[in-house]
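There are 2 protein chains.
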Amino acid sequence: MGGGGAGPSIRLVAERAGVSAGTVSNVLNGKASVAPAISARVRVAVEQLGYFRDNRASRLRSGDSRLAGVIVPDLTNPMFAAFVSTLEQLGRRDGYDLVVVSARNDPAEEVERLRRIREWRPAGLIVIPCDGALAERLPGGPPMPLVVADRIPDAPRFDLVAVDNAEAAAAVVRHLGVQGCEDCLVVGTSLAISNVRERWEGARSAAGNLRLDFLAVGFDDHAPPALEERLRGAGRPQALFCLDHETTLAAYRLLGEMGLGAGADVAFAGFDEMEWMRLVAPAVTTVRQPVEAMAACSWSMLRRRMGGDAGPPQARRLRCAVTFRGSTPRQTASRSREADRTTQGG
Amino acid sequence: MGGGGAGPSIRLVAERAGVSAGTVSNVLNGKASVAPAISARVRVAVEQLGYFRDNRASRLRSGDSRLAGVIVPDLTNPMFAAFVSTLEQLGRRDGYDLVVVSARNDPAEEVERLRRIREWRPAGLIVIPCDGALAERLPGGPPMPLVVADRIPDAPRFDLVAVDNAEAAAAVVRHLGVQGCEDCLVVGTSLAISNVRERWEGARSAAGNLRLDFLAVGFDDHAPPALEERLRGAGRPQALFCLDHETTLAAYRLLGEMGLGAGADVAFAGFDEMEWMRLVAPAVTTVRQPVEAMAACSWSMLRRRMGGDAGPPQARRLRCAVTFRGSTPRQTASRSREADRTTQGG
DNA sequence: ATCGACTCATAAAACGTTTCACCGCAGGCC
DNA sequence: GGCCTGCGGTGAAACGTTTTATGAGTCGAT
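So the sequences go chain by chain: A and B.
In case it helps, this note's numbering puts the first sequence at residues 3 to 348.
In case it helps, this note's numbering puts the second sequence at residues 3 to 348.
Here's what the structure looks like:
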């Protein structure tokens, strides 16, 4: 006995309590009514043997999966970590086990993870895709409840939860304009990510007579040379606006290494508020995404789907909060100096 | 037939390919040799039906679990996130699925998570306990391969991977002494956590004639009032040394809110290097823990246990790196001023 | 021609659980 | 006493897979 896995089986418990296996199951799951005396005997046997259920058999037999998969592009990104952490709490509250995996920003790994998760027969999936295009390279099988969060796949066949990227970016750009900025370099990892694309378009739509220029710097460059070049010398823009977590961090670090002061030498704004942005001086103007709300919204949508709702795909947009801080100061005094320097633009 | 979970069963594939279920299994797992013609037919059928294995049945039947559980106190702590992320990569490399859960710094939740994970019959567990005492309130059952990381349970019955806490803290304290500090307030969440305890003891052992004082501030206080009181007014210590991630962040934020400059008004050092510590001015002196190495070490120890090794528990200590930066400056010039202010201490 | 050895495929058993059909039995009612 | 109605328990089937014992067939050597 003892079997492959450790631990006693339900049959052993049944034998010890002098009842049948079905009765033990009924006691443990409360599905059918059991006489108090028997129930007590069973509980004692469970306690004595240290029995605990084998979910593999349990979930196999009862088609009820009570398992949900979560895939994020990168667990070390604090935003995604918060997302997962919130989901975990919600899942637990509703009696679901969560399988959390990170795709490490690699579409190939994403699809591989999806394959493996699927083999556990989850009741639903919440995915933050690492690439807009690859979100629909989902394994073919039967459609499974699926919520796509944060980043929008190219084909809108799924339930969707995201933030109001364009509006948030527009707010930042408008602010820069009001502060007197004349030109701004907008930086992001890649326009292949829907977030970055939407933010860039939102920024452009609100540019007014602020000159905008976009630069894609990719993921793994800590000090992107292309960016460094743009910040060096006479052509340096008055403002720098970073469209995602990675870029914001990399650019701010680069500014420091180049001896440029955020706010003083270059106005600086970014996405994805993190604690340090309030700790530095001057503090950094950022867009704060409502991660917890996004997680909660994703979970409730997924629950509805797992409950059997088969309506058409829904999309929800959550509003971001922009906090203006010292890193995007009024450009009055410095503008003349800057204008002098950037004669090439005139 | 579709059954409870979605997707076709292995029997359907077998029927379609005109073979038996066992043969399909053999083709898919390569355990026994199958004639090339049959193998091809089976693969075609698999492809056409979109078959994929049901791990619940698979792992149930073959006792092989190929599943490992990971429990950390808090996924939003970047150190633990990095730990998990590394583990995930290693697990995948070795063909293991990982179940990752966070205990949210709550021992009760930790034990509840452990219970639930256990029901999936994992082959092993890697735990960063949220509390030294509660690590051995493990569910009773049969002993399972288990590696405890980062924090040391009170009873050393398990394999253990941790860092050289005492030595790292001692290095920081020695540095403070050399810089001319006379008194230092040491802050940590709780001495119930072995890390904090070891660091505090290491600090004390290296104090020399530097006066040390310890303050426990708990977890959820963003601006711990007790700490604020100690930093206000005449009794303010010359140096502040924070013994863990949470405290370092909270204390640094508090300094800012109080208008005190780290380095200028109070020498400041902390544990758990994070990116912003290099971004602020002056940069923060910190102890960097080798998280990735800790994860790799945990995994290799667990693999050995899962492979059947039943030797006595082993313990490994990894070395931390201390980076001295501007937040712990030489106190020569300012010491006289400070001494003037802290007349009560003279 | 017979035997042994080897290769492949099959049918059935097993894993641990839940569910389903069934049955004994007590009690109330006619 | 016969009959219906529930209650509370049982044995067996089922979930989808892997494994094991078995057997059918081929080939080469005696």
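From the three backbone atoms N, C-alpha and C, an ideal C-beta is built for every residue, glycine too.
Practice task
Would you mind stating whether alanine 241 of chain B and leucine 193 of chain B have Cβ atoms separated by less than 7 Å?
Solution key: In the second sequence, counting from the first residue as 1, residue 241 of chain B sits at position 239. In the second sequence, counting from the first residue as 1, residue 193 of chain B sits at position 191. Not in contact: alanine 241 of chain B and leucine 193 of chain B (Cβ atoms no closer than 7 Å).
Practice task
Over the uninterrupted alpha helix (DSSP H) stretch that includes threonine 249 of chain A, give me the two end residues.
Solution key: By 1-based counting over the first sequence, the position of residue 249 of chain A is 247. Residues 247-259.
Exercise for the section: Just confirm the distance between the C-beta atoms of valine 188 of chain B and phenylalanine 243 of chain B, as a whole number of angstroms; I'd bet it's less than 8 Å. Expected result: Position 186 of the second sequence, counted from the first residue, corresponds to residue 188 of chain B. Position 241 of the second sequence, counted from the first residue, corresponds to residue 243 of chain B. The Cβ separation is near 5 Å, so the contact holds.
Exercise for the section: Enumerate in chain order the residues of its own chain whose CB-to-CB distance from alanine 172 of chain B is below 8 Å, with the five nearest sequence positions on each side excluded. Expected result: Position 170 of the second sequence, counted from the first residue, corresponds to residue 172 of chain B. So the list reads Gly204, Ala205, Ser207, Ala208, once near-sequence residues are dropped.
Handout entry: Residues sharing a beta bridge with leucine 127 of chain B, DSSP
Key = To locate residue 127 of chain B, count along the second sequence from 1; it is residue 125. In DSSP, leucine 127 of chain B forms a bridge with B/Gly71, B/Leu148.
Exercise for the section: Within 10 angstroms of the Cβ of histidine 247 of chain A, are there 16 or more other Cβ atoms? Answer buried if so, exposed if not. Expected result: Here residue 247 of chain A corresponds to residue number 245 of the first sequence, with the count starting at 1. Histidine 247 of chain A comes out buried.
Exercise for the section: For the stretch 66-91 of chain B, enumerate the residues whose C-beta is nearer than 8 Å to any C-beta of chain A, in chain order. Expected result: Asp66, Ser67, Asp76, Leu77, Thr78, Pro80, Ala83, Ala84, Val86, Ser87, Glu90, Gln91
Problem - Continuous alpha helix (DSSP H) assignments of at least 4 residues falling wholly in the stretch 29-99 of chain B - result: 38-51, 57-63, 80-95
Exercise for the section: Note down, in chain order, every chain A residue with its Cβ under 7 Å from the Cβ of methionine 303 of chain B. Expected result: Taking the second sequence and counting its residues from 1, the one referred to as residue 303 of chain B is at position 301. Under the 7 Å cutoff, chain A gives no residues; its nearest Cβ is about 19 Å from methionine 303 of chain B.
Practice task
Could you have a look at cysteine 183 of chain B and say whether DSSP puts it in helix, strand or coil?
Solution key: If you number the second sequence from 1, residue 183 of chain B lands on position 181. DSSP places cysteine 183 of chain B in coil when its eight states are reduced to three.
Exercise for the section: With DSSP collapsed to three states, give me the class of valine 163 of chain A. Expected result: Within the first sequence, the letter at position 161 stands for residue 163 of chain A. Secondary structure of valine 163 of chain A (DSSP, three-state): strand.
Exercise for the section: Let me know the secondary structure DSSP gives alanine 23 of chain A once reduced to three states. Expected result: The sequence position of residue 23 of chain A within the first sequence is 21, counting from 1. Helix.
Handout entry: Counted within 10 angstroms of its Cβ, other Cβ atoms place valine 103 of chain A as buried (16 or more) or exposed
Key = On the first sequence, residue 103 of chain A is found 101 positions in, with the first residue counted as 1. So valine 103 of chain A ends up on the buried side.
Practice task
Using beta-carbon positions only, say whether phenylalanine 326 of chain B and threonine 288 of chain B come within less than 7 Å of one another.
Solution key: Mapped onto the second sequence, residue 326 of chain B falls at position 324. Mapped onto the second sequence, residue 288 of chain B falls at position 286. No, Cβ-Cβ distance for phenylalanine 326 of chain B and threonine 288 of chain B is not below 7 Å.
Practice task
Using a Cβ-Cβ cut-off of less than 7 Å, give me the residues of the stretch 258-279 of chain B that come near chain A, in sequence order.
Solution key: If the cut-off is 7 Å between Cβ atoms, the stretch 258-279 of chain B has Gly258, Glu277, Trp278 near chain A.
Practice task
Give the secondary structure of arginine 206 of chain A by DSSP, where H, G and I count as helix, E and B as strand, and everything else as coil.
Solution key: The sequence position of residue 206 of chain A within the first sequence is 204, counting from 1. In this structure, arginine 206 of chain A counts as helix in the three-state DSSP scheme.
Exercise for the section: Tell me whether arginine 13 of chain A is buried or exposed, calling it buried when 16 or more other Cβ atoms sit within 10 Å of its Cβ. Expected result: As a working mapping, residue 13 of chain A is identified with position 11 in the first sequence. The residue in question, arginine 13 of chain A, is exposed, as its Cβ has fewer than 16 Cβ neighbours within 10 Å.
Practice task
Determine the direct distance from the alpha carbon of proline 10 of chain A to that of methionine 3 of chain A, and round the result to whole angstroms.
Solution key: Mapped onto the first sequence, residue 3 of chain A falls at position 1. Mapped onto the first sequence, residue 10 of chain A falls at position 8. At methionine 3 of chain A, the pLDDT of 39 sits below 50, so the modelled position is not reliable; the number obtained from the coordinates is stated separately. Looking at the two C-alpha atoms, the distance is approximately 8 Å.
Problem - Contacts of glycine 310 of chain B in chain A (Cβ-Cβ under 8 Å) - result: Taking the second sequence and counting its residues from 1, one reaches residue 310 of chain B at position 308. For the C-beta of glycine 310 of chain B, not a single chain A residue is nearer than 8 Å; the gap to the nearest is close to 13 Å.
Practice task
Reducing DSSP to helix, strand and coil, say where valine 15 of chain B ends up.
Solution key: Residue 15 of chain B sits at position 13 when you count from the first residue of the second sequence. Valine 15 of chain B falls in the helix class under three-state DSSP.
Problem - Residues near methionine 276 of chain A by beta carbon distance below 7 Å, same chain, minus five either side - result: Residue mapping note: residue 276 of chain A aligns to position 274 of the first sequence, counting from 1. Answer for methionine 276 of chain A: Pro80, listed in chain order.
Practice task
Please check if any C-beta of chain A sits within less than 7 Å of the C-beta of serine 104 of chain B.
Solution key: Working through the second sequence from its first residue, we reach residue 104 of chain B at position 102. For serine 104 of chain B, the answer is yes, since a Cβ of chain A falls inside 7 Å of its Cβ.
Handout entry: Proximity below 7 Å, CB of leucine 304 of chain B to CB of isoleucine 119 of chain B
Key = Start at 1 with the first residue of the second sequence, and residue 304 of chain B comes out as number 302. Start at 1 with the first residue of the second sequence, and residue 119 of chain B comes out as number 117. Contact flag unset, no.
Exercise for the section: Pick out whichever of A/Gly265, A/Cys322, A/Arg321, A/Ala70 has its Cα sitting closest to the Cα of serine 302 of chain A. Expected result: Taking the first residue of the first sequence as position 1, residue 302 of chain A is located at position 300. Nearest C-alpha to serine 302 of chain A: A/Ala70.
Handout entry: Whether cysteine 186 of chain B touches leucine 214 of chain B by CB criterion (7 Å)
Key = As a working mapping, residue 186 of chain B is identified with position 184 in the second sequence. As a working mapping, residue 214 of chain B is identified with position 212 in the second sequence. Yes, these two residues count as a Cβ contact at 7 Å.
Handout entry: Inter-residue CB distance, glutamine 316 of chain B and glutamine 181 of chain B (contact presumed, cutoff 8 Å)
Key = Residue numbering aside, residue 316 of chain B sits at position 314 when the second sequence is read from its first letter. Residue numbering aside, residue 181 of chain B sits at position 179 when the second sequence is read from its first letter. That belief does not hold up - the Cβ atoms of glutamine 316 of chain B and glutamine 181 of chain B are roughly 38 Å apart, past 8 Å.
Handout entry: Status (buried if at least 16 other CB within 10 Å, exposed otherwise) for proline 158 of chain A
Key = Numbered from its first residue, the first sequence carries residue 158 of chain A at position 156. So proline 158 of chain A counts as exposed.
Handout entry: Environment of valine 15 of chain B [buried if 16+ CB atoms lie within 10 Å]
Key = Start at 1 with the first residue of the second sequence, and residue 15 of chain B comes out as number 13. Note on valine 15 of chain B: 16 or more other CB atoms within 10 angstroms of its CB, so buried under the neighbour-count rule.
Problem - Within chain A, the residues that tyrosine 254 of chain B reaches when beta carbons sit closer than 7 Å - result: As a first step, residue 254 of chain B is located in the second sequence; it is residue number 252 there, counting from the start. The answer, in chain order, is Leu281.
Handout entry: With 16 other Cβ atoms within 10 Å as the buried cut-off, status of serine 300 of chain A
Key = As a first step, residue 300 of chain A must be located in the first sequence, where it is residue number 298. The residue in question, serine 300 of chain A, is buried, as its Cβ has 16 or more Cβ neighbours within 10 Å.
Problem - Cutoff 7 Å; reference serine 41 of chain B; Cβ partners in own chain excluding five residues on either side - result: If you number the second sequence from 1, residue 41 of chain B lands on position 39. The residues are Val29.
Practice task
Can you give me the start and stop residues for the alpha helix (DSSP H) that leucine 116 of chain B sits inside?
Solution key: Position 114 of the second sequence, counted from the start, is the residue given in the question as residue 116 of chain B. It spans 109-120 - the alpha helix (DSSP H) in which leucine 116 of chain B sits, taken as one unbroken run.
Exercise for the section: Please report how far the alpha carbon of serine 35 of chain B lies from the alpha carbon of glycine 310 of chain B, in whole angstroms. Expected result: The residue you call residue 35 of chain B lines up with position 33 of the second sequence. The residue you call residue 310 of chain B lines up with position 308 of the second sequence. Those two C-alpha atoms are separated by around 28 Å.
Problem - Coil, strand or helix - valine 286 of chain A by DSSP - result: In the first sequence, residue 286 of chain A corresponds to position 284, counting from 1. Three-state result, valine 286 of chain A: coil.
Exercise for the section: Using a Cβ cut-off of 7 Å (strictly closer), state whether leucine 62 of chain A contacts chain B. Expected result: Stepping through the first sequence from its first residue, residue 62 of chain A is reached at position 60. With a threshold of 7 Å between beta carbons, leucine 62 of chain A makes contact with chain B.
Handout entry: Same chain only: Cβ atoms within 6 Å of arginine 45 of chain B, ignoring 5 sequence neighbours per side
Key = Residue mapping note: residue 45 of chain B aligns to position 43 of the second sequence, counting from 1. So no residue of the chain qualifies.
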